[in-house]
Structure formats: C-alpha cells, structure tokens
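> Here the sequence shown stands for residues 4 to 330, numbered as in our numbering.
Structure in structure tokens, see below.
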Amino acid sequence: MIPTNKRKVRVQVPASTANLGPGFDTLGMALNLYAWIEMSEAEETRFTLYGDQMQGVPTDKSNLLYEVAKLVFERAGLAAPELEIAIYSDIPLTRGLGSSASAIVGALAAANALIGGRFTNEELFQFATELEKHPDNVGASLFGGIVVAFWDGLRAEYIRVEPHEDLEVLVAIPHFQLATEKARGVLPREQSLENAVFNVGHSSVLVAAFCTGRLDMISRAMKDALHQPYRAPLVPGLSAILEEATDNGALGVALSGAGPTILALVDRGSDRKAELEAFMQGKLRSEGIESTMLWLQPDKAGVQVQEVPAGEAEASLLEVARGASRV
Ligand code: HSE
Numbered sequence: 004m005i006p007t008n009k010r011k012v013r014v015q016v017p018a019s020t021a022n023l024g025p026g027f028d029t030l031g032m033a034l035n036l037y038a039w040i041e042m043s044e045a046e047e048t049r050f051t052l053y054g055d056q057m058q059g060v061p062t063d064k065s066n067l068l069y070e071v072a073k074l075v076f077e078r079a080g081l082a083a084p085e086l087e088i089a090i091y092s093d094i095p096l097t098r099g100l101g102s103s104a105s106a107i108v109g110a111l112a113a114a115n116a117l118i119g120g121r122f123t124n125e126e127l128f129q130f131a132t133e134l135e136k137h138p139d140n141v142g143a144s145l146f147g148g149i150v151v152a153f154w155d156g157l158r159a160e161y162i163r164v165e166p167h168e169d170l171e172v173l174v175a176i177p178h179f180q181l182a183t184e185k186a187r188g189v190l191p192r193e194q195s196l197e198n199a200v201f202n203v204g205h206s207s208v209l210v211a212a213f214c215t216g217r218l219d220m221i222s223r224a225m226k227d228a229l230h231q232p233y234r235a236p237l238v239p240g241l242s243a244i245l246e247e248a249t250d251n252g253a254l255g256v257a258l259s260g261a262g263p264t265i266l267a268l269v270d271r272g273s274d275r276k277a278e279l280e281a282f283m284q285g286k287l288r289s290e291g292i293e294s295t296m297l298w299l300q301p302d303k304a305g306v307q308v309q310e311v312p313a314g315e316a317e318a319s320l321l322e323v324a325r326g327a328s329r330v
C-alpha cells in the first residue's frame, strides 16, 4: 500500500446531456465521451492540461479542479495540500455536454479517493449539486445512466434509471460556443401555468417511457415549453430540427443542456441513421453553421476511480485517454 500522501489516483468521468427536452434542470443522461483526471499530493501545485479542449483553462489555484478538490479536503476537516493535477478531456467546453459538471465530479471523486473515500457518492452528489446549482449533469456524470433529480436549494434527491439497451444517441455539436449563463439569461423568470403543466406532463411521461421501455412514446413526450423556445434564437436551425427530426429517423430530439449541441435519441436498430445525420447536419449548414456529428452510447458506469501504480510513466494519462478515446 502506497502511503496516503504519495498516492496518485486516476478518474474517468463521462460527459452528460441535461434536460432531455422537458426535464429542465431535472433529467440527465451520461454519455460515453470522457475526461480523465489524475491527482496526487505534491510539493507545489502544478497542472498538466492535455488536448485541444483545455485552451484557456487556468493553471493556477483558480483552476476549477483545484478549487473543487480543496473543498473536499476542507469538508473533511483537513488542510488542502498542494496538488499535482493532470487532465485530458474529449468533452468539448461550453457546448452543452456537461464539461463543467464532469470537471466538478471528477475532481470530487479524485480528491475523495486521496483522503481514503471518506465521503459516499451520495455526499459527493450533494457537494456537486451545490457547486453546479442544478443536479442534472452532475448526477449523470456521477452515477451514469439516466438520472431523474431535483434540488430544493438545500438537498438534492435522485433516482437512477437504467437506459434501455436499444437507445443510441446522435449529437450535432455546432462549431461555436454558447455560455450556459447566456443561455440561462434568455429564460423568462416567470412562466404560465399552462407551460408548467405542459412540462410536468411531458417530463413525467418521458421518465415513465424510459422506465417501462416505451421507446415509441419518446417522440411525443420529448417536448418542452420552458426553455427550448427561448433558446432557439441562439441556435439557428434548432427550431426546424426540433420540429422535423422525428420525421427523419429520430425517436426524440432536444437541445442538449443549455446548448448549442442538439441531441437525438435513436433506436439502435434503425435503418435511418444516415438519413437523420444528414438531416441534422444539413439543417445547421443551411443556417451557415458547421457541426461535428457524433454517435454516442449512454454511459452506464458513471465516474470511475482507480489508483495509479507507483512508478507508472508520466505520459500514461495521455496513453490511457488516447487508448479509450472515441473522438
Ligand atoms: N439544465 C441546465 C440548463 C443545464 O439547461 O441550463 C446546463 O448546465
């Protein structure tokens, strides 16, 4: 056993999609696109950021990973040590695929492993929700699968639902960034009772469809009145894709989180996948927006933590990440 302060841990944490249409701030699903984080105590705090996604990310103690790790030590009643942190990520930043939630969950899990796993995942879920202010992305990255959750400002509650075997995911990732604050800023502070009832109904039926395997119901249930209509002007092409994707091979379609990524749920056995991909990419292109299309699977495992054997080569995080990378 390596002494506590010499241990290095490695975490693999999935991306996530939030809302799934009507479940604004309450539904999330983990996706098999990952970030990898290594963390160990050190003489001096140091960061190694691998990959294109990391441009502009701070390399001092204002780095989110460091701040979150520090919180874990402090909540355990320990002084935060200097930390050596390395990260490689395939999750694009500010595109609606939960990159900040995965960083929060990854740093919580890594720091918690360094202090011997004092906190349960349930406790990490509370910390993560407090930091992110909504439980949908963090819940999915932490627990994997589909997470149905709420936060009352004090406590978050969730139930994890196993994704149906036939569910596959197509994402169109536009080549522009959309800050979550901006996409939340356009939402009205007050909503009509009619819209509230619309979303409660659609979200409830969508969750029931996931729980009972009623994939045929997804096209009718995956509709939203609370956020997508207001965000549509920020993502040219979104309205047409939301209206027409189910006629072009999707089981259901939604803005992924705060956008700009657009997500379609697809039946794995569908013979219309190429048609759907061309439709979504074509609609965005007709608005002058290029996009990267990715076929993804629901991640069922959530965050994974392992101890890095003493003496393993420095470059191994990159090797591990590249070996498992799907982009
Ligand atoms: N539920 C959040 C939103 C996800 O739609 O704003 C983005 O963080």
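For every residue, glycine included, the Cβ atom is placed at its ideal position computed from N, Cα and C.
Keep in mind it's a predicted model, so treat the numbers as computed, not measured.
Can Pro-17 and Leu-30 be called in contact, C-beta distance under 8 Å?
What you label residue 17 is simply residue 14 of the sequence shown in a count that begins at 1. What you label residue 30 is simply residue 27 of the sequence shown in a count that begins at 1. Not a contact, by the Cβ cut-off of 8 Å.
> In the DSSP assignment, find the unbroken beta strand (DSSP E) run with Ala-248 in it and report its ends.
Position 245 of the sequence shown holds residue 248. Note, Ala-248: premise wrong, no beta strand (DSSP E); not H, not E.
> Let's test the definition: count the other Cβ atoms within 10 Å of the Cβ of Val-200 and tell me whether it reaches 16, buried, or not, exposed.
Within the sequence shown, residue 200 is the residue found at index 197, counting from 1. Exposed is the call here.
> Would you check whether the ligand HSE has a heavy atom nearer than 7 Å to the C-beta of Ala-38?
Numbered from its first residue, the sequence shown carries residue 38 at position 35. Every heavy atom of the ligand HSE is 7 Å or more from the Cβ of Ala-38, so no.
> Distance, Cα to Cα, Pro-61 vs Pro-312?
Residue 61 sits at position 58 when you count from the first residue of the sequence shown. Residue 312 sits at position 309 when you count from the first residue of the sequence shown. Their backbone Cα atoms lie some 28 Å apart in a straight line.
> Hey, quick one: how far does the alpha helix (DSSP H) through Lys-11 stretch, first residue to last?
One-based indexing of the sequence shown puts residue 11 at position 8. Unbroken run through Lys-11 is the beta strand (DSSP E), 11-21; no alpha helix (DSSP H).
> With C-beta atoms as the reference, is Pro-95 less than 8 Å away from Gln-56?
Position 92 of the sequence shown, counting from 1, holds the residue named residue 95. Position 53 of the sequence shown, counting from 1, holds the residue named residue 56. Yes, the Cβ-Cβ distance between Pro-95 and Gln-56 is below 8 Å.
> What's the C-alpha gap between Ile-118 and Asn-66?
Mapped onto the sequence shown, residue 118 falls at position 115. Mapped onto the sequence shown, residue 66 falls at position 63. Whole-angstrom Cα-Cα distance: 20 Å.
> For Lys-73, collect the residues of the same chain with a Cβ closer than 6 Å to its Cβ; drop the 5 residues on either side in sequence, then sort them by chain order.
Position 70 of the sequence shown, counted from the start, is the residue given in the question as residue 73. Cβ neighbours of Lys-73 beyond the five flanking positions: Ala-83.
> Let's see if you can read the secondary structure: which residues bound the alpha helix (DSSP H) around Phe-132?
Taking the first residue of the sequence shown as 1, we reach residue 132 at position 129. Sequence inspection shows Thr at residue 132; the Phe mentioned does not correspond to that position. Taken as a continuous stretch (DSSP letters only), the alpha helix (DSSP H) holding Thr-132 covers 124-135.
> Have a look at Glu-165 and Cys-214 and give me their C-alpha separation to the nearest angstrom.
For the purposes of this step, residue 165 is identified with residue 162 of the sequence shown, where counting begins at 1. For the purposes of this step, residue 214 is identified with residue 211 of the sequence shown, where counting begins at 1. About 8 Å.
> Inspect the beta-carbon positions of Ser-206 and Ala-104 and report whether they are closer than 8 Å.
By one-based count along the sequence shown, residue 206 stands at place 203. By one-based count along the sequence shown, residue 104 stands at place 101. The answer is no: Cβ separation not under 8 Å.
> Which residues in the same chain as Val-150 place their Cβ atom closer than 6 Å to its Cβ, once the five residues preceding and following it in sequence are excluded?
The residue given as residue 150 occupies position 147 in the sequence shown. Contacts found: Gly-31, Gly-142, Ala-143, Tyr-161 and Arg-163.
> Return yes when at least one heavy atom of the ligand HSE lies under 7 Å from the C-beta of Ala-21, else no.
Residue numbering aside, residue 21 sits at position 18 when the sequence shown is read from its first letter. Within the cutoff, so yes.
> Please list the terminal residues of the continuous alpha helix (DSSP H) segment that includes Ala-304.
The residue you call residue 304 lines up with position 301 of the sequence shown. Careful: Ala-304 lies outside any alpha helix (DSSP H) and carries neither H nor E.
> Which first and last residues belong to the beta strand (DSSP E) in which Ile-149 is found?
Numbered from 1 along the sequence shown, position 146 holds the residue referred to as residue 149. First-last of the beta strand (DSSP E) with Ile-149: 149-154.
> Touch check for the segment 280-291 and the segment 118-129: three-plus C-beta pairs under 8 Å?
Contact fails: fewer than three Cβ-Cβ distances are below 8 Å.
> Mind checking Gln-58: buried by the 16 CB within 10 Å criterion, or exposed?
Sequence index remark: in the sequence shown, residue 58 carries index 55 (1-based). Gln-58 should be labelled exposed.
> Given 8 Å as the limit, is there contact between the segment 42-52 and the segment 165-178, that is, 3 or more CB pairs closer than that?
Not touching, per the Cβ criterion.
> Does the beta-carbon distance from Lys-303 to Gly-147 come in below 8 Å?
By 1-based counting over the sequence shown, the position of residue 303 is 300. By 1-based counting over the sequence shown, the position of residue 147 is 144. Against a cut-off of 8 Å, the Cβ pair of Gly-147 and Lys-303 comes out as a contact.
> Output the distance between the C-alpha atoms of Glu-315 and Arg-10, rounded to the nearest integer angstrom.
Residue 315 sits at position 312 when you count from the first residue of the sequence shown. Residue 10 sits at position 7 when you count from the first residue of the sequence shown. So the alpha carbons of these two residues sit roughly 12 Å apart.
> Given a cut-off of 8 Å, decide if His-230 and Leu-266 are closer than it, judged by their beta-carbon atoms.
Indexing the sequence shown from 1 puts residue 266 at position 263. Indexing the sequence shown from 1 puts residue 230 at position 227. No. Outside cutoff.
> Please state the DSSP three-state secondary structure of Asp-270.
Position 267 of the sequence shown, counted from the first residue, corresponds to residue 270. If DSSP states are grouped into helix, strand and coil, Asp-270 belongs with the strands.
> Tell me whether Gln-309 is buried or exposed, calling it buried when 16 or more other Cβ atoms sit within 10 Å of its Cβ.
In the sequence shown, counting from the first residue as 1, residue 309 sits at position 306. Answer is exposed; the Cβ neighbour count stays below 16.
> Is Asn-198 near the ligand MN, going by C-beta to nearest heavy atom under 7 Å?
Absent from the structure shown: the ligand MN. Ligands present: the ligand HSE.
> Does Ser-92 pass the burial test, meaning 16 or more other C-beta atoms within 10 Å, or should it be called exposed?
Your numbering for residue 92 matches position 89 in the sequence shown. Answer is buried; the Cβ neighbour count reaches 16.
> Quick check: what's the CA-CA separation for Phe-76 versus Glu-290?
Indexing the sequence shown from 1 puts residue 76 at position 73. Indexing the sequence shown from 1 puts residue 290 at position 287. Between Phe-76 and Glu-290, the C-alpha separation is close to 48 Å.
> Name the one or two DSSP bridge partners that Met-42 has.
Indexing the sequence shown from 1 puts residue 42 at position 39. DSSP lists Val-12 and Ile-88 as partners of Met-42.
> CA-CA distance, Phe-262 and Leu-321?
For the purposes of this step, residue 262 is taken as the residue at position 259 of the sequence shown. For the purposes of this step, residue 321 is taken as the residue at position 318 of the sequence shown. The sequence shown places Gly at residue 262, not Phe. C-alpha separation (whole angstroms): 28 Å.
> Does the beta-carbon of Arg-223, which I'm using as the reference point, lie nearer than 7 Å to any heavy atom of the ligand HSE?
Within the sequence shown, residue 223 is the residue found at index 220, counting from 1. For the ligand HSE, not one heavy atom lies less than 7 Å from the Cβ of Arg-223.
> Per DSSP, Val-172 is paired with what?
Locating residue 172 in the sequence shown gives position 169, where the first residue counts as 1. Per DSSP, Leu-268 and Leu-299.
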